[in-house]
Each structure stands twice: as C-alpha cells, then as structure tokens.
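Residue numbers (my numbering): 168 to 315. Here a beta-carbon is modelled for each residue, glycine too, at the ideal position from N, C-alpha and C. Note that the structure is a prediction, hence the values are computed from the model and not measured. Below: one structure, written as structure tokens.
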C-alpha cells in the first residue's frame, strides 16, 4: 500500500480490526519513511453487480459514486461516515443477494427508504434529485407524505 503523503511503496500495518459488523477490515497503517499514519478499509468487491439505468444503458456498480450522491444530500446534517458505510453495506448485500443486475430506480428507492430512517432532511434532498421534482408543488407533496 502506497503512503498517501510521500508515495513510499511499503507501509506497515499497525492494527487490524473488524468493522461494519464484520463486513470489512479496518487497518491502521504507518509509513516507515515519513511516519504518516492512515486508515484503510478492506471490503468484499461487488464488481459483478450491474446497474441498469433509466435509459436502458448499463454500467458497473460504483460504491464511490453512490456514496458521493448520499453525502451531497447529507451536507451539514448530523450524519457520520459510519452511518453511511452501514447503510451502503446493508443495501449492497441486499442487491447482490437478489441478482447480478439492479435498476437505478431500485437503488434510489432503497437509499431513500434508508435515508428516511436516518435523517429526514437528507431524505428530502435525495428524493428531490431521484424523483426529479419539477416544481415546488411536487416538493410540497413529498413533504406532506413525510409527515403523515
């Protein structure tokens, strides 16, 4: 593993422990050259999962791409990286267990359901993009459903 600070190619593992309820391994590393310490995570790769988009095209699933979208909806909200990691891991297991392909609408709906439990403001922000609200009325309708 390369050091992110000095790019030295032989870092040492100081500590390893399970995280995300045993679904990932968290490793503390140190660079022997510059003594920089950093953390890495090792997770099962879901490279075989294909996302079928609304227009019918397909692309490989990208945890990073989905995580960025979730973080945008969680901006300035009391949501932690651990919350998002747990949410994504739970959903990835669900999608991978069902089949090799998952539709982008299923991904969006599942993320919205989990965000609704986690943070309602983040839920509304994510829903406004996923459902492509066209005007304020659609936004108000979604808010109304949230408070029923």
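Which class does residue i belong to by DSSP, given the choice of helix, strand or coil?
i: residue 205; result: strand
i: residue 268; result: strand
i: residue 298; result: coil
i: residue 235; result: helix
i: residue 253; result: helix
i: residue 307; result: helix
i: residue 314; result: coil
i: residue 169; result: coil
i: residue 261; result: helix
i: residue 288; result: helix
Please say whether residue j and residue i have beta carbons closer to each other than 8 Å?
i: residue 221; j: residue 272; result: yes
i: residue 274; j: residue 239; result: no
i: residue 173; j: residue 203; result: yes
i: residue 197; j: residue 178; result: yes
i: residue 218; j: residue 278; result: no
i: residue 288; j: residue 244; result: yes
i: residue 252; j: residue 188; result: no
i: residue 300; j: residue 282; result: no
What are the partner residues of residue i, as DSSP defines its beta bridges?
i: residue 182; result: 195
i: residue 217; result: 227, 268
i: residue 280; result: Partner(s): none; residue 280 has no beta bridge.
i: residue 174; result: Answer is none; residue 174 lacks a bridge partner.
i: residue 210; result: 191
Under 7 Å from any heavy atom of the ligand HEM, does the C-beta of residue i make it?
i: residue 274; result: With respect to the ligand HEM, the structure offers nothing, as it holds no ligand at all.
From this set, the options, which residue's C-alpha is nearest residue i's C-alpha?
i: residue 210; options: 219, 309, 194, 199; result: 194
i: residue 246; options: 226, 285, 190; result: 285
i: residue 235; options: 255, 227, 226; result: 255
i: residue 181; options: 307, 199, 171, 175; result: 199
i: residue 262; options: 276, 250, 249; result: 276
i: residue 313; options: 291, 302, 298; result: 291
i: residue 259; options: 190, 176, 175; result: 190
i: residue 208; options: 168, 237, 176, 201; result: 168
i: residue 237; options: 305, 311, 296; result: 296
Hey, residue i and residue j are a contact pair by Cβ (cut 8 Å); roughly how many whole angstroms apart?
i: residue 257; j: residue 216; result: That pair is no contact at about 14 Å.
i: residue 205; j: residue 227; result: The Cβ separation is near 27 Å, so there is no contact.
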